[in-house]
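Enquirer: Shown below is the structure under consideration.
Next comes the structure, spelled out in structure tokens:
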């Protein structure tokens, strides 16, 4: 499929054309920027040609209208779909979405959350629809990748009415962080779902993202793209009491304060320029304001890296991207200095001599460093093109129902732990077969003990596994007094310890998780529904009074599997399901996750 990708901003238009057959290849890269005095600057590139100069386009509308002629002049035709970067998707747009009038109205309603970004994106969509009315237009949202963040990361401690109005943390640069994490996993040679990565996007806008086992766990940006790191013209973290202080002391209005925090702060406020290249040059010439700006910029980024390593319970890699992250060796060094306690050590020669040609992701850590450090170009348009294809190909699931089963708390034991709990040579007694072939519930029961409580008569499921896994609900975790992470089955590294009690003994073990909801499905049924192993889908619960939609449900394709979705008791209570229920795949919101496992 040939996809045209638009990234429309208030003062620029970036666009590219991608072919997405066996691999995704960029055929054309273009941009218009610096609109002034009835004209703008442009640059167009292919593998064999590169041109730049001035064009007679006064604004974004004129620039978008000029794209068809520009593509024709460069011999680019056969566009089959158009993808759009949308900065803010709110809490509902969790995946690439086919754009139509009702959807645009939903996005428009989110403008108060991104007043500087969403209007330009919507303007680009509407103009593209008028120019290419017969082509599908797909929105890809910066916030979507971060909708996996847990409530403890997204919730502000503010009055309930404020939270009900939409005040929460969202996070941005999601398309960039997602691509960078996938690219780092490819370079490292391990599945993304096995890695703990901090992605550091440093450009005029800057953010840090904790990518924990394939999912965004936290991001430095919050309700708006203003929170977090120091940026080119944005302040980053500021005490919200500043609004009241500045109003009382200087008579500034909310609008004036907000405008200054977005446009007149950051590097510009500290050093007189929003361009890090200028700031570094001034610092080198002895400008103490520029030196402070650089130290503050690096300090804020380093602090977030350390915080996210703690939040994830470990760190495998730090990845730098964005204009500053890719091009400033000195900034990378400043940020990494002092992170030795995490096992991160930079090789300064490798840091100074990187090459990013051909989507390279060079590693610049010192030999023996436990944490890898990588640099790679962000490729948001490339990622958007891939997600457009995914959205269009996944927009045709069949309406066959998905059986839903409630999975109560239970334990999968290793053979060694069976003997520790029940005695040497003991074998579990199969009692009741489960729907998934080869699985059964044992007659035996055990108890789970945590710091604050104990749960007795916990079921054991067989057969035994190489490693013990304890699956509880969030409510059970509170009963035990432990913060159990939400994990896919088998992802047990870094999980909390509990004590298991059996009739012949007890043992301390890790492996306590809240199991992520998932669907077991056979290859034939998966193919009929247009699904693949590793996909994430949304499932709408049907036939109950309190029906809801379960987002980001993992698809597990297994030979001879009985098609069934598994949820825990807390999720069942929320949906009004007692023992069994039924759901339907939500069309147009399927997000393929195979790349996470490559």
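Numbering (our numbering), first residue to last: 5 to 602. Ideal placement from N, C-alpha and C gives every residue a C-beta, glycine not left out.
If you scan the stretch 274–343 from start to end, which runs of the beta strand (DSSP E) of 3 or more residues do you find wholly inside it?
Expert: 321–325
Enquirer: Determine the direct distance from the alpha carbon of residue 384 to that of residue 89, and round the result to whole angstroms.
Expert: Each residue's alpha carbon lies about 9 Å from the other.
Enquirer: Return the residue from the list 249, 184 and 99 that minimises the CA-CA distance to residue 379.
Expert: 184
Enquirer: Check for me: the beta strand (DSSP E) holding residue 407 runs from which residue to which?
Expert: Looking at the DSSP string, the run of the beta strand (DSSP E) that includes residue 407 is 406–411.
Enquirer: Can you name the residues that DSSP bridges to residue 89?
Expert: 144
Enquirer: In whole angstroms, what is the alpha-carbon distance linking residue 84 and residue 140?
Expert: Using only the alpha carbons, I get a separation of about 8 Å.
Enquirer: Assign residue 182 to buried or exposed, taking buried as 16 or more other Cβ atoms, counted over all protein chains shown, within 10 Å of its Cβ.
Expert: buried
Enquirer: Quick one: what does DSSP say residue 136 is sitting in, helix, strand or coil?
Expert: coil
Enquirer: Going along the chain, which unbroken runs of the alpha helix (DSSP H) with 4 or more residues stay wholly within the stretch 510–568?
Expert: 527–532
Enquirer: Between the alpha carbons of residue 54 and residue 46, how many angstroms are there, rounded?
Expert: 11 Å
Enquirer: When the distance is taken between beta carbons, is residue 391 closer than 8 Å to residue 100?
Expert: yes
Enquirer: Check whether the Cβ atoms of residue 516 and residue 425 lie closer than 8 Å to each other.
Expert: No, the Cβ-Cβ distance between residue 516 and residue 425 is not below 8 Å.
Enquirer: In the DSSP assignment, the beta strand (DSSP E) including residue 221 goes from what residue to what residue?
Expert: 219–223 is the extent of the beta strand (DSSP E) around residue 221.
Enquirer: Whole angstroms is fine: what's the gap from residue 125's alpha carbon to residue 478's?
Expert: 38 Å
Enquirer: To the nearest angstrom, report how far apart residue 463 and residue 553 are at their CA atoms.
Expert: 28 Å
Enquirer: Who are the near neighbours of residue 201 in its chain, counting only those whose CB is closer than 7 Å to its CB and skipping five residues on each side?
Expert: 185, 188, 215, 320, 321 and 323
Enquirer: Go through its chain and collect everything with a Cβ distance to residue 116's Cβ below 6 Å, but skip five positions before and after it.
Expert: none
Enquirer: What is the C-beta distance between residue 269 and residue 237, in whole angstroms, given that I count them as a contact (C-beta under 8 Å)?
Expert: 6 Å
Enquirer: Can you tell me whether DSSP reads residue 30 as helix, strand or coil?
Expert: Secondary structure at residue 30: strand, using DSSP grouped into helix, strand and coil.
Enquirer: Quick check on the DSSP output: what are the complete alpha helix (DSSP H) runs of length 4 or more inside the stretch 166–209, in order along the chain?
Expert: 178–192
Enquirer: Spatial neighbours of residue 66 within its chain, please: C-beta separation below 6 Å, excluding the five flanking residues on both sides.
Expert: none
Enquirer: Using the beta-carbon count (16 or more within 10 Å), is residue 122 buried or exposed?
Expert: So residue 122 counts as buried.
Enquirer: Would you kindly work out how many angstroms separate the C-alpha atoms of residue 177 and residue 64, rounded to a whole number?
Expert: 22 Å
Enquirer: Evaluate residue 466 with the Cβ neighbour count: other Cβ atoms within 10 Å of its Cβ, from every protein chain shown; 16 or more gives buried, anything less gives exposed.
Expert: The Cβ neighbour count for residue 466, taken over all protein chains shown within 10 Å, is at least 16; the residue is labelled buried.
Enquirer: Going by the beta-carbon positions, is the gap between residue 541 and residue 589 smaller than 8 Å?
Expert: yes
Enquirer: When you compare the stretch 14–21 with the stretch 31–41, are there three or more beta-carbon pairs, one atom per stretch, that lie closer than 8 Å?
Expert: yes
Enquirer: Find the nearest neighbour of residue 114 within the set 70, 360, 490 and 93, judged by alpha-carbon distance.
Expert: 93
Enquirer: In whole angstroms, what is the alpha-carbon distance linking residue 50 and residue 56?
Expert: 12 Å
Enquirer: Assign residue 2 to one of two classes, buried (16 or more other C-beta atoms within 10 Å of its C-beta) or exposed (fewer than that).
Expert: The structure shown does not extend to residue 2, since the chain is modelled only from 5 through 602, so no value can be given for it.
Enquirer: Taking a contact to mean a Cβ-Cβ separation below 8 Å, would you say residue 108 touches residue 129 in this structure?
Expert: yes
Enquirer: Could you check where the alpha helix (DSSP H) with residue 63 kicks off and where it finishes?
Expert: Residue 63 -> no alpha helix (DSSP H), and no H or E assigned at all.
Enquirer: Please identify the residue among 10, 537, 12 and 6 whose C-alpha is closest to the C-alpha of residue 22.
Expert: 6
Enquirer: Judging by CA-CA distance, which residue of 500, 416 and 212 is the nearest neighbour of residue 325?
Expert: 212
Enquirer: Between residue 413 and residue 453, is the Cβ-Cβ spacing less than 8 Å?
Expert: no
Enquirer: Got a sec, what are the start and stop residues for the beta strand (DSSP E) residue 502 sits in?
Expert: Residue 502 -> beta strand (DSSP E) spans 502–506.
Enquirer: Please name the residue, chosen from 78, 110 and 136, that lies closest to residue 86 on a Cα-to-Cα basis.
Expert: 136
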